[in-house]
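**Student:** Got a structure here, written out as structure tokens. Questions coming.
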Amino acid sequence: LFPTLNELCNLPSLPHLEGVSVVPLLKDPSLAWSRPALTTHGRANHALRTERWRYIRYADGSEELYDHQNDSLEWNNLANSPKFRAIKEELSKYLPTENALALKGSKKTKGRQIE
């Protein structure tokens, strides 16, 4: 979200931040997009979504993988099947490489914060 807001406000990009602007998609929704959508909940709990796959990796290392083409309700977790290892490896390239601690004063820090 930050790179998009940054671009919309005509601010300089910050090279140390991850992510890409979706301004091109806002301008033309018919554009092809080669990256999965990333959602983060809490610290180091990430989900990636492509048109076909949802891959989730939790802070404890556990994983979920769902094929929305064949399982739109996500009943069958494929993450532990060796058959889908390559899918997980490809999607995991888009996971954040750093997971920052919460800022001081955040309601969800529980002692895990930066000053």
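Counted from 1, the sequence shown has number 60 at position 44 by this note's numbering; the numbering is strictly sequential.
Glycine included, C-beta positions come from ideal geometry on N, C-alpha and C.
1. What does H84 pair with, by DSSP beta-bridge criteria?
2. At the level of alpha carbons, what is the spacing between E23 and V36?
3. Assess contact between the region 105-113 and the region 83-94, defined as three or more Cβ pairs (one per stretch) separated by less than 8 Å. Is contact present?
4. Here's a check: name, in chain order, each residue in its chain whose Cβ is nearer than 7 Å to the Cβ of V39, leaving out the five neighbours to either side.
5. Should P112 be labelled buried (16 or more other beta-carbon atoms within 10 Å of its own) or exposed?
6. If you follow the beta strand (DSSP E) that R73 is in, where does it begin and where does it stop?
7. Kindly list the residues whose CB is nearer than 8 Å to the CB of E67, restricted to its own chain and excluding five residues on each side of it in sequence; keep chain order.
8. Pairing CB atoms from the region 45-59 with CB atoms from the region 26-33, are three or more of them under 8 Å?
9. List the endpoints of the continuous alpha helix (DSSP H) containing A102.
10. Going by DSSP, what residue range makes up the beta strand (DSSP E) through T66?
11. What's the gap between the Cα of N115 and the Cα of R59?
**Tutor:** Taking the definition as stated:
1. As a working note, residue 84 is residue 68 in the sequence shown. Answer by DSSP bridge pairing: none, since H84 is not bridged.
2. Residue numbering aside, residue 23 sits at position 7 when the sequence shown is read from its first letter. Residue numbering aside, residue 36 sits at position 20 when the sequence shown is read from its first letter. Taking the straight line from one Cα to the other gives about 10 Å.
3. no
4. If you number the sequence shown from 1, residue 39 lands on position 23. Correct list, in chain order: T20, E23 and L24.
5. Indexing the sequence shown from 1 puts residue 112 at position 96. Exposed, because fewer than 16 other Cβ atoms sit within 10 Å of the Cβ of P112.
6. Mapped onto the sequence shown, residue 73 falls at position 57. Where R73 is concerned, the enclosing beta strand (DSSP E) stretches over W69 to R73.
7. In the sequence shown, residue 67 corresponds to position 51, counting from 1. Excluding sequence neighbours, E67 sits near H84.
8. no
9. Residue 102 sits at position 86 when you count from the first residue of the sequence shown. Where A102 is concerned, the enclosing alpha helix (DSSP H) stretches over R101 to S108.
10. Position 50 of the sequence shown, counting from 1, holds the residue named residue 66. T66 -> no beta strand (DSSP E), and no H or E assigned at all.
11. Here the question's residue 115 lines up with position 99 in the sequence shown. Here the question's residue 59 lines up with position 43 in the sequence shown. Going by the C-alpha atoms only, they are around 6 Å apart.
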